[in-house]
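The structure under discussion appears below in the form of structure tokens.
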Amino acid sequence: PRGQLICKCQAKAEMLRGGRSAFAWATRRQLPCGQLQALRAATTAAQRMPELKAMLAKKRLVRVIEVHSGFCALVVDSARGRRQDGTEVGFDCLWSSSLTSSAIKGKPDIETVTTSERIQIVDDALEASDKPMIYDGDTGGEKEIFRFTVRKLERLGVSAVVIEDKCGLKQNSLFGTERAQVLEDVDVFSKKIKAGKEAQVTSDFMIFARLEALIAGLGEEEALKRARAYVKEGGADGIMIHSKEKHGDDILSLLKRFRAEFPDVPVIAVPTTYNHITEAELEAAGVNICIYANQLLRASYMAMLDTATKILEAGRSKEVDAQILPTKQMITLIDDNTGN
Numbered sequence: 001p002r003g004q005l006i007c008k009c010q011a012k013a014e015m016l017r018g019g020r021s022a023f024a025w026a027t028r029r030q031l032p033c034g035q036l037q038a039l040r041a042a043t044t045a046a047q048r049m050p051e052l053k054a055m056l057a058k059k060r061l062v063r064v065i066e067v068h069s070g071f072c073a074l075v076v077d078s079a080r081g082r083r084q085d086g087t088e089v090g091f092d093c094l095w096s097s098s099l100t101s102s103a104i105k106g107k108p109d110i111e112t113v114t115t116s117e118r119i120q121i122v123d124d125a126l127e128a129s130d131k132p133m134i135y136d137g138d139t140g141g142e143k144e145i146f147r148f149t150v151r152k153l154e155r156l157g158v159s160a161v162v163i164e165d166k167c168g169l170k171q172n173s174l175f176g177t178e179r180a181q182v183l184e185d186v187d188v189f190s191k192k193i194k195a196g197k198e199a200q201v202t203s204d205f206m207i208f209a210r211l212e213a214l215i216a217g218l219g220e221e222e223a224l225k226r227a228r229a230y231v232k233e234g235g236a237d238g239i240m241i242h243s244k245e246k247h248g249d250d251i252l253s254l255l256k257r258f259r260a261e262f263p264d265v266p267v268i269a270v271p272t273t274y275n276h277i278t279e280a281e282l283e284a285a286g287v288n289i290c291i292y293a294n295q296l297l298r299a300s301y302m303a304m305l306d307t308a309t310k311i312l313e314a315g316r317s318k319e320v321d322a323q324i325l326p327t328k329q330m331i332t333l334i335d336d337n338t339g340n
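Numbered as in the working numbering, the sequence shown ends at 340 without a single skipped number.
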């Protein structure tokens, strides 16, 4: 009976709230598609939001990947990998990226997409997945506006927001010093974080301060000075250390010094450029959350362009059948997710 099914799935949802252990992954893997959908339907905002803190409390690396649509969230939910030691892993959490949210609309990553448009993308993803989410909040806007953003995200059940300490017209961090990266005054940004913390309703929601000093070429000392202020004066729950350098030495060096002063403050790393460093190495250096921030959208571009090109060359679509998702499998995936 449907009532019993939903009750069982609610019980499973409660188990998952404590963090995605190996047992939790096994439980999800054994669920038929219909029951998995009931599990998602049973995941409320109040249940979802505390999951990130619960994962961090287990003192293991939290693995996060960006999603930019409901369908993308379904892909992430389905993804599993087996490591060399035989361990099966999946993604723990979703990342709503400003860059990919702008890209899917064909717009530059300069805060051209409104918060309302971003929130709709978040809502689409959360309807398709029961995983917690971290939201890329860009600069957060003025502190008076940031208060409302925090409240909106809390209502949706988002677990955390990351805001960066830049001001003026936003430039994507991966441009580095090729474009002007103007940092916000430390006191102003600390007050913005504090305003967000005062605005939040629950104790489960988290605010992370993203350090852009390395991106702006201002060095480790400036980054560490800012990290201290954001944690001590702003009340940030954690920090994100960001760099565009491929070697990653600057990240590891800053991590070592930060950990000496703040052994328990959560740290996020985004190994987009320094992707030769493994999760295990980042965790050993003191990283708590590893975000794969844009790889799925970048992969889709290459796949779509290749498919479109082959159709144009052949004058038909038969040649791409082997490299695309069968129509029946696609509609079954979506239908199973909606309970139809």
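By construction, the Cβ of each residue, glycine as well, lies at the ideal position given by its N, Cα and C atoms.
Which same chain residues end up closer than 6 Å to R259 when comparing Cβ atoms and leaving out the 5 residues on each side of it in sequence?
Correct list, in chain order: G286.
What are the start and end residues of the alpha helix (DSSP H) that includes D165?
Looking at the DSSP string, D165 is not in any alpha helix (DSSP H), and its letter there is neither H nor E.
Return the CA-CA distance between K53 and P271, expressed in angstroms with no decimal places.
Linking K53 to P271 through their CA atoms gives a straight-line distance of about 22 Å.
Taking 8 Å as the cut-off, decide whether the C-beta atoms of H242 and L214 are in contact.
yes
Residue from F91, I311, L74 whose Cα sits closest to the Cα of R82
F91
According to DSSP, is I324 part of a helix, a strand, or is it coil?
DSSP places I324 outside both helix and strand once states are collapsed to three, so it counts as coil.
Q30 to K225 span [Cα, whole Å]:
Legend: pLDDT at Q30 = 46, less than 50; position of this residue unreliable, value from coordinates given subsequently. Roughly 48 Å separates the two Cα atoms.
Please specify which runs of the beta strand (DSSP E), each continuous and at least 3 residues long, are wholly inside the region 187 to 252, giving them in chain order.
206 to 211, 238 to 241
Would you check if the distance between the CB atom of V162 and the CB atom of R118 is smaller than 8 Å?
no
My output table needs one value for M133: the three-state DSSP class, helix, strand or coil.
strand
CA-to-CA distance, I331 to L201, given in whole angstroms
Per the sequence shown, the amino acid found at residue 201 is Val instead of Leu. Their backbone Cα atoms lie some 39 Å apart in a straight line.
Beta-ladder partner(s) of Y292, from DSSP
I65
Is the region 105 to 112 touching the region 57 to 66, taking contact as three or more C-beta pairs under 8 Å?
Contact between the region 105 to 112 and the region 57 to 66 is absent, because fewer than three Cβ pairs lie under 8 Å.
Using 8 Å for Cβ pairs, my map puts A160 next to A73. What's the rounded Cβ distance?
With a Cβ gap of about 17 Å, A160 and A73 do not count as contacting.
Excluding sequence positions up to five away, which residues of its chain have a Cβ less than 7 Å from the Cβ of D237?
Sequence-distant partners of D237 (beyond 5 residues in either direction) whose C-beta falls short of 7 Å from its own C-beta, in its chain, are M206, I207, F208, P266.
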